[in-house]
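Chemist: In full-length UniProt numbering, the protein residues as written are 1 to 268. All residues carry an ideal CB built from backbone N, CA and C; glycine is no exception.
1. Do residue 221 and residue 180 have their CB atoms nearer than 8 Å?
2. Give a yes or no on contact between the region 162 to 169 and the region 208 to 215, applying the rule of three or more CB pairs nearer than 8 Å.
3. Determine the direct distance from the alpha carbon of residue 42 to that of residue 5, and round the result to whole angstroms.
4. By DSSP, does residue 64 sit in helix, in strand, or in coil?
5. Would you mind reading off the limits of the alpha helix (DSSP H) that contains residue 30?
6. Please state the DSSP three-state secondary structure of residue 69.
7. What does the Cβ neighbour count give for residue 2, buried or exposed, with the cut at 16 atoms within 10 Å?
8. Taking Cβ positions, are residue 89 and residue 63 nearer each other than 8 Å?
9. Go to residue 147, then tell me how far its beta strand (DSSP E) extends in each direction, as first and last residue.
10. Given this structure, state the Cα-to-Cα distance separating residue 182 from residue 190, to the nearest angstrom.
11. Pick helix, strand or coil for residue 123, following the three-state DSSP scheme.
12. Starting from residue 36, follow the alpha helix (DSSP H) in both directions and report where the run begins and ends.
13. Can you tell which of 112, 146 and 117 has the C-alpha that lies nearest to the C-alpha of residue 134?
14. Going by DSSP in three states, residue 279 sits in which element: helix, strand or coil?
15. Measuring CA to CA, which of 226, 193, 119 and 139 is closest to residue 184?
16. Could you give the residue range of the beta strand (DSSP E) that holds residue 214?
17. Quickly, what does DSSP pair residue 189 with across the bridge? List them, please.
18. Confirm, please, whether the CB-CB distance from residue 69 to residue 51 is below 8 Å.
19. Let me check one thing: in DSSP terms, what residues is residue 246 bridge-paired to?
20. Run through the DSSP bridge pairs and tell me what residue 180 is partnered with.
21. Taking 7 Å as the limit between beta carbons, can you name the residues of its chain near residue 81, skipping five residues before and five after?
22. Could you give the DSSP three-state label for residue 92: helix, strand or coil?
23. Smallest Cα separation from residue 223: which of 239, 234 and 235?
24. What does DSSP give as the partner residues of residue 228 in its beta bridges?
25. Comparing C-alpha positions only, which one of 123, 35, 197 and 91 sits nearest to residue 235?
Structural data, given as C-alpha cells:
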C-alpha cells in the first residue's frame, strides 16, 4: 500500500507540505527513514510542481506556444506532458545528433562556457557557484539583434526611460522659474501637514480656501526656501519651501465686489 500517496494525495488531505504529511502519517505508521521518504514523495508531487512552475514562471512571463528542446527523456516525463496539456503548449524536439536545430540554446551555452572559462578554478569545481553571476552578466549585455539587453526587454527599462523623458518634457513646458524678492507678498498653500498644525477640529479642510495670506517675504533661506512674516494666529515655523508659495496679486479694482471669506486658519 502506498501510504505516502494515500495520505498526501487524498481529497481529505489536500496535498499538504512535508511537515503536515509526515504528521498525518505518524498517527498510524512508522518505518525507518520515514521523513526522507515523505520529503521525496512531496517534492515529486505533480500538482506541487505544476503550481511551483505556474507561480514562478507562467505568472511572470506567460505561457509558451511551443518549446524547442533536445531529445532529453526528462521532457517527455509526466510533469512536462501534463504541463504542456494544461498550458496548451507544444513541445518540439530537435533532430537527433543535430543540436543546431535549437540554435538559440546552443548559442547561450557557448556564451556560458566562455564566461566560465575566465573564472573557473583549476579543479573546475566552482562552476555551479558562478552560474547566477554568469546569468546576470548575460542579461546585462546588449544584443546585436535587438539592440537591447535581455534585462531591458524584460523590465521595460528603455520604455520607462522614454516615458520619464516625455513626462519631464511636458512638465517643463508649463514650468517657469519662480523667485521672490524681500518685501514681496505671497500666498501660503495649506498642505495637509500645515492644516493639522493650525486648524480647528470642527472645521473641514475641503470647505476652506486652499491658500492663506498674503504674507510678506522677509528673507531668502538657502536656494529654495523663504522666511515669511506671519501673524500671531499662526503658530508655525516661518520658513517654507518655494513649492507651496505663489505670488499674491493685489486687486486694484475698487469697484469690484469683494467676497468675505472666513479665515482659513484658526487656533486649535
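Modeler: Inspection of the coordinates gives the following:
1. Looking up residue 221 in the chain shown gives position 221. Looking up residue 180 in the chain shown gives position 180. In this structure, residue 180 does not lie closer than 8 Å to residue 221 by Cβ.
2. Output reads no: the region 208 to 215 does not touch the region 162 to 169.
3. Locating residue 5 in the chain shown gives position 5, counting from the first residue. Locating residue 42 in the chain shown gives position 42, counting from the first residue. Rounded to the nearest angstrom, the two C-alpha atoms are 9 Å apart.
4. What you label residue 64 is simply residue 64 of the chain shown in a count that begins at 1. Coil.
5. The count along the chain shown starts at 1 and reaches residue 30 at position 30. Segment: none, residue 30 is in no alpha helix (DSSP H) and carries neither H nor E.
6. For this step, residue 69 is matched to residue 69 along the chain shown. In the structure shown, residue 69 adopts extended strand secondary structure according to DSSP, grouped into three states.
7. Walking along the chain shown from the start, residue 2 turns up at place 2. Counting the other Cβ atoms within 10 Å of the Cβ of residue 2 gives fewer than 16, which makes it exposed.
8. As a first step, residue 89 must be located in the chain shown, where it is residue number 89. As a first step, residue 63 must be located in the chain shown, where it is residue number 63. Against a cut-off of 8 Å, the Cβ pair of residue 63 and residue 89 comes out as a contact.
9. What you label residue 147 is simply residue 147 of the chain shown in a count that begins at 1. That residue, residue 147, is in no beta strand (DSSP E); it is neither H nor E in DSSP.
10. The residue you call residue 182 lines up with position 182 of the chain shown. The residue you call residue 190 lines up with position 190 of the chain shown. Answer to the nearest angstrom: the Cα atoms are 22 Å apart.
11. Counting from one through the chain shown, the residue named residue 123 turns up at place 123. Coil at residue 123, not helix or strand.
12. Translated into positions along the chain shown, residue 36 becomes position 36. Residue 36 -> alpha helix (DSSP H) spans 34 to 43.
13. Taking the first residue of the chain shown as 1, we reach residue 134 at position 134. Closest by C-alpha distance to residue 134, out of 112, 146 and 117, is 112.
14. Residue 279 lies beyond the range of the chain shown here (1 to 268); nothing can be said about it.
15. As a first step, residue 184 must be located in the chain shown, where it is residue number 184. Residue 226 is the option with its Cα nearest to residue 184.
16. Taking the chain shown and counting its residues from 1, the one referred to as residue 214 is at position 214. Segment 211 to 221, the beta strand (DSSP E) holding residue 214.
17. The residue labelled residue 189 in the question sits at position 189 within the chain shown. 211.
18. Position 51 of the chain shown holds residue 51. Position 69 of the chain shown holds residue 69. Contact: no.
19. On the chain shown, position 246 is the one that residue 246 refers to. Beta bridge pairing from DSSP links residue 246 with 187.
20. Here residue 180 is taken as the residue at index 180 of the chain shown, counted from 1. In the DSSP secondary-structure assignment, residue 180 is not bridged to any residue.
21. The count along the chain shown starts at 1 and reaches residue 81 at position 81. The same chain holds no residue with a CB closer than 7 Å to that of residue 81 once the five nearest residues on each side in sequence are set aside.
22. Residue numbering aside, residue 92 sits at position 92 when the chain shown is read from its first letter. Collapsing the DSSP output to three states places residue 92 in a strand.
23. To locate residue 223, count along the chain shown from 1; it is residue 223. For residue 223, the closest of 239, 234 and 235 by C-alpha to C-alpha distance is 239.
24. For this step, residue 228 is matched to residue 228 along the chain shown. 217.
25. Numbered from 1 along the chain shown, position 235 holds the residue referred to as residue 235. Nearest C-alpha to residue 235 among 123, 35, 197 and 91: 197.
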